[in-house]
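Visitor: Please find one structure pasted underneath; my questions will follow.
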Amino acid sequence: MENSYRLSGLDRRVWLLGITRFIRSFGRGSTFILLPLVLTLDYGQSLLSTGLIIGSGTLLMAIVQYYAGIWTDRIGRRKILVFTQIPNILLYLLIFYFISVHAFLLILISAWFGVVIFNALQFPAVQATVADVTRVENRLAGFTAIRLMANLGFAVGPLTGAFLAGFGFQYIFLLASMTNIVEVLLLYRFMRESHFPGVNVISRKAINLSYRRDTLFVSFIIAGILYSILSVQRSSALTIYTVVLQNQPIIYIGYIWALNGLEVVLLQVPFLRLMSKYMNPMIWRSVGVAFGGVSFVLLLHSTSLAILLIFMFVSTIGEDFMAPTTQSIVTTIAPKEYRGSYIGVYGLYTSSGTFGGSIIGLGLLSYLYGVPSQFWSIVAIATVAVALVYFAMNPSYRRRFSRIASDARADIKQS
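Residues in the sequence shown are numbered consecutively from 430, following the working numbering.
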């Protein structure tokens with residue numbers, strides 16, 4: 430049941446998607462991280478209402494991803510990869526203008542939700558394409574390559590965004606629009622189709638029957654919901670906690686996310702080799718989530734730059750172990766003809782956890798305003814508990830992985 434860690438033999442489409450992920454994370458990464466500050470500092474929203482807005486966007490993204498997963502299985506990947514991103518060029522420009530003139534909040538939120546929708550339409554097609562052009566043994570390497578390139582952009586994107594925020598939050602959205610143009614042109618020119626649907630149209634009923642009967646996938650969804658509730662605290666809650674509650678400079682957020690991106694670039698491939706040689710993606714997912722739980726402990730008493738950097742360093746180690754496993758596990762569990770749909774289903778349920786986590790997290794942080802250490806203690810303990818849940822799922826996943834790898838080898842011999 431060995432995985433392959435070699436990146437050199439991957440299909441060129443994986444690297445093309447990786448390049449566009451780099452462009453996306455460089456241009457758009459800071460928009461997601463700094464939007465809570467736009468809402469609280471520029472528009473005077475409370476922590477709870479900010480959490481509700483951010484969480485609602487996440488829930489909307491989840492619903493769209495569910496249908497996008499079905500569509501990419503029905504019509505193929507390329508059309509969705511290319512054409513869903515064209516409207517975002519205009520939407521980011523509109524947000525740039527709205528913030529510049531301090532437009533009515535509802536108008537700004539509507540444009541942001543539009544960005545969320547079109548981003549969500551593309552996501553299942555990206556993940557399904559990687560699964561299409563990789564074997565089960567090197568799928569983890571394929572998703573790692575995508576993550577590596579995305580975080581290379583993240584090493585400079587949020588830092589650039591934090592710098593631009595010094596002149597005005599609107600400029601980070603102008604950067605997002607410009608880089609979006611480059612992404613669309615590259616995909617249009619070089620992306621080849623990886624999935625050619627058959628004559629039978631996949632129905633939602635068939636998809637629902639398929640995944641609901643799969644106890645391993647349902648268990649993985651439940652664990653993913655719990656993890657999403659907790660992991661989202663690393664973004665909006667941490668940003669608000671650091672800048673608004675602790676009065677630290679905005680540039681600190683840029684520094685720690687730049688560290689995150691740089692650390693992934695430096696460590697992800699060595700970690701891939703380790704993960705491919707020992708154990709399996711489910712065990713490493715458990716290890717990664719446990720690292721995330723430990724990292725939250727570091728926030729109990731201080732938000733100095735040194736503590737924030739150590740927090741992000743430990744947290745990113747966990748992310749390096751955990752993040753590439755998500756799509757690898759889902760696309761391994763899923764029947765071949767349902768890969769995009771399973772990604773959409775998983776995204777729908779886990780994003781509902783992110784939605785709830787955004788509201789619960791900022792609401793609880795507001796309630797524990799005077800004793801934020803209690804907030805981070807709760808998050809840390811609960812995250813370690815979720816790591817144990819993933820560990821308990823390992824025997825079932827091992828059996829599934831072995832069967833699928835064996836079937837794939839048999840198909841190759843027959844062909």
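The C-beta atom is built at its ideal place from N, Cα and C for all residues, glycine as well.
1) Since Y521 and A605 are thought to touch, with beta carbons under 8 Å apart, how far apart are those beta carbons, to the nearest angstrom?
2) Could you pull out every residue in the same chain whose Cβ sits closer than 8 Å to the Cβ of I833, ignoring the five residues on either side in sequence?
3) With DSSP collapsed to three states, give me the class of P678.
4) Below 8 Å on the Cβ atoms is my guess for V466 versus V672; work out the distance and round it to an integer in Å.
5) Just to confirm my understanding: we take V716, look at its own chain, exclude 5 residues before and 5 after, and list those with CB closer than 6 Å. What are they?
6) Please classify N709: does DSSP put it in a helix, a strand, or coil?
7) In the DSSP assignment, the alpha helix (DSSP H) including V759 goes from what residue to what residue?
8) Using a threshold of 8 Å, state whether the C-beta atoms of R503 and E622 are closer than that.
9) If L688 and W805 are in contact, beta carbons under 8 Å, what's the gap, nearest whole angstrom?
10) With three or more beta-carbon pairs closer than 8 Å as the criterion, would you say the segment 803 to 822 touches the segment 698 to 707?
11) Since I believe T460 is in contact with I601 (beta carbons under 8 Å), could you give me their beta-carbon distance rounded to a whole number of angstroms?
12) Here's the rule: buried if 16 or more other CB atoms are within 10 angstroms of the residue's CB, otherwise exposed. What is L614?
13) For the segment 564 to 632, list the alpha helix (DSSP H) runs that are entirely contained and at least 4 residues long, ordered along the chain.
14) Decide if V530 is buried, meaning its Cβ has at least 16 other Cβ atoms within 10 Å, or exposed.
15) Tell me whether S660 is buried or exposed, calling it buried when 16 or more other Cβ atoms sit within 10 Å of its Cβ.
16) Under the assumption that L470 contacts A666 (Cβ atoms under 8 Å), give the Cβ distance between them as a whole number of angstroms.
17) For the alpha helix (DSSP H) holding M741, just list the boundary residues, first then last.
18) I789: buried (16+ other C-beta within 10 angstroms of its C-beta) or exposed?
19) Whole angstroms is fine: what's the gap from A549's alpha carbon to G543's?
20) Rounded to the nearest angstrom, what separates F512 and V545 at their Cα positions?
21) Alpha helix (DSSP H) containing L445: first to last residue?
22) S705: buried (16+ other C-beta within 10 angstroms of its C-beta) or exposed?
23) Under 8 Å between C-beta atoms, does V774 make it to chain E?
24) If you measure between the beta carbons of I462 and T668, is that distance less than 8 Å?
25) Contact defined as beta carbons within less than 8 Å: I believe F527 pairs with A540. What is the distance between those atoms, to the nearest angstrom?
26) Identify whether Y495 lies in helix, strand or coil by the three-state DSSP scheme.
27) With a threshold of 16 other CB atoms inside 10 Å of the CB of S787, please say whether the residue is buried or exposed.
28) Take the Cβ of A570 as the centre, count every other Cβ of all protein chains shown within 10 Å, and call the residue buried at 16 or more, exposed below.
29) Nearest by alpha-carbon distance to A497: which of I509, L445, G486 is it?
30) What separation, rounded to the nearest whole angstrom, lies between the Cα atoms of I772 and A591?
31) Between which two residues does the alpha helix (DSSP H) containing V808 stretch?
32) Figure out for me which residue from Y798, G447, A579, Y767 has the closest Cα to the Cα of Q675.
33) Under the rule that 16 or more other beta-carbon atoms within 10 Å means buried, what is A821, buried or exposed?
34) Note the first and the last residue of the continuous alpha helix (DSSP H) segment covering A549.
35) DSSP three-state call for Y798: helix, strand or coil?
Guide: Answer, in terms of the structure:
1) Looking up residue 521 in the sequence shown gives position 92. Looking up residue 605 in the sequence shown gives position 176. So it is a contact: roughly 4 Å between Cβ atoms.
2) The count along the sequence shown starts at 1 and reaches residue 833 at position 404. Correct list, in chain order: V565, T761.
3) Here residue 678 corresponds to residue number 249 of the sequence shown, with the count starting at 1. DSSP places P678 in coil when its eight states are reduced to three.
4) Position 37 of the sequence shown holds residue 466. Position 243 of the sequence shown holds residue 672. Looking at the sequence shown, residue 466 is not Val but Leu. Going by Cβ atoms, the distance from L466 to V672 rounds to 6 Å, so yes, they are a contact pair.
5) Taking the first residue of the sequence shown as position 1, residue 716 is located at position 287. F750, listed in sequence order.
6) Position 280 of the sequence shown, counted from the first residue, corresponds to residue 709. In the structure shown, N709 sits in coil (DSSP, three-state: anything other than H, G, I, E or B).
7) Walking along the sequence shown from the start, residue 759 turns up at place 330. Note, V759: alpha helix (DSSP H), 754 to 762.
8) What you label residue 503 is simply residue 74 of the sequence shown in a count that begins at 1. What you label residue 622 is simply residue 193 of the sequence shown in a count that begins at 1. Their beta carbons are not under 8 Å apart, which means R503 does not touch E622 by this criterion.
9) Here residue 688 refers to the residue found at position 259 when the sequence shown is read from its first residue. Here residue 805 refers to the residue found at position 376 when the sequence shown is read from its first residue. Distance from L688 to W805 at the Cβ level is roughly 19 Å; contact not present, criterion being Cβ atoms closer than 8 Å.
10) Contact fails between the segment 803 to 822 and the segment 698 to 707, because fewer than three Cβ pairs, one in each stretch, are under 8 Å apart.
11) Reading the sequence shown from its first residue, position 172 is the one you call residue 601. Reading the sequence shown from its first residue, position 31 is the one you call residue 460. For a cut-off of 8 Å, the C-beta gap from I601 to T460 is around 6 Å, short enough to register as a contact.
12) As a position in the sequence shown, residue 614 is number 185, starting the count at 1. With fewer than 16 other Cβ atoms within 10 Å, it is exposed.
13) Secondary structure remark: continuous alpha helix (DSSP H) runs of at least 4 residues inside the segment 564 to 632, in chain order: 568 to 583, 586 to 594, 599 to 619.
14) Locating residue 530 in the sequence shown gives position 101, where the first residue counts as 1. Exposed, by the Cβ-count rule.
15) On the sequence shown, position 231 is the one that residue 660 refers to. Buried, because 16 or more other Cβ atoms sit within 10 Å of the Cβ of S660.
16) The residue given as residue 470 occupies position 41 in the sequence shown. The residue given as residue 666 occupies position 237 in the sequence shown. That pair is no contact at about 16 Å.
17) Counted from its first residue, the sequence shown places residue 741 at position 312. Its alpha helix (DSSP H) spans residues 734 to 751.
18) Here residue 789 corresponds to residue number 360 of the sequence shown, with the count starting at 1. Counting Cβ neighbours within 10 Å, I789 comes out buried, since at least 16 surround it.
19) Locating residue 549 in the sequence shown gives position 120, where the first residue counts as 1. Locating residue 543 in the sequence shown gives position 114, where the first residue counts as 1. In a straight line, the C-alpha of A549 is about 10 Å away from that of G543.
20) Sequence index remark: in the sequence shown, residue 512 carries index 83 (1-based). Sequence index remark: in the sequence shown, residue 545 carries index 116 (1-based). Their Cα atoms are separated by approximately 15 Å.
21) Position 16 of the sequence shown holds residue 445. That run of the alpha helix (DSSP H) goes 441 to 466.
22) If you number the sequence shown from 1, residue 705 lands on position 276. Note on S705: 16 or more other CB atoms within 10 angstroms of its CB, so buried under the neighbour-count rule.
23) Structure shown: chain E not included; a single protein chain is present.
24) Position 33 of the sequence shown holds residue 462. Position 239 of the sequence shown holds residue 668. Yes, Cβ-Cβ distance for I462 and T668 is below 8 Å.
25) Within the sequence shown, residue 527 is the residue found at index 98, counting from 1. Within the sequence shown, residue 540 is the residue found at index 111, counting from 1. Indeed, because the Cβ distance is near 6 Å, the residues count as touching under 8 Å.
26) Counting from one through the sequence shown, the residue named residue 495 turns up at place 66. Taken through DSSP and simplified to helix, strand or coil, Y495 comes out as helix.
27) Position 358 of the sequence shown, counting from 1, holds the residue named residue 787. Classification of S787: buried, given that the 10 Å Cβ count is 16 or more.
28) Locating residue 570 in the sequence shown gives position 141, counting from the first residue. Classified as buried, A570 has 16 or more neighbouring CB atoms from the shown chains inside 10 Å of its CB.
29) Along the sequence shown, one-based indexing puts residue 497 at 68. Ranking I509, L445, G486 by Cα distance to A497 puts I509 first.
30) As a first step, residue 772 must be located in the sequence shown, where it is residue number 343. As a first step, residue 591 must be located in the sequence shown, where it is residue number 162. As the crow flies, the alpha-carbon of I772 is around 32 Å from that of A591.
31) Sequence index remark: in the sequence shown, residue 808 carries index 379 (1-based). Where V808 is concerned, the enclosing alpha helix (DSSP H) starts and stops at 801 to 821.
32) Numbered from its first residue, the sequence shown carries residue 675 at position 246. Closest by alpha carbon: Y798.
33) Here residue 821 is taken as the residue at index 392 of the sequence shown, counted from 1. So A821 counts as exposed.
34) In the sequence shown, counting from the first residue as 1, residue 549 sits at position 120. Segment 534 to 561, the alpha helix (DSSP H) holding A549.
35) Within the sequence shown, residue 798 is the residue found at index 369, counting from 1. Y798: coil per DSSP, three-state reduction.
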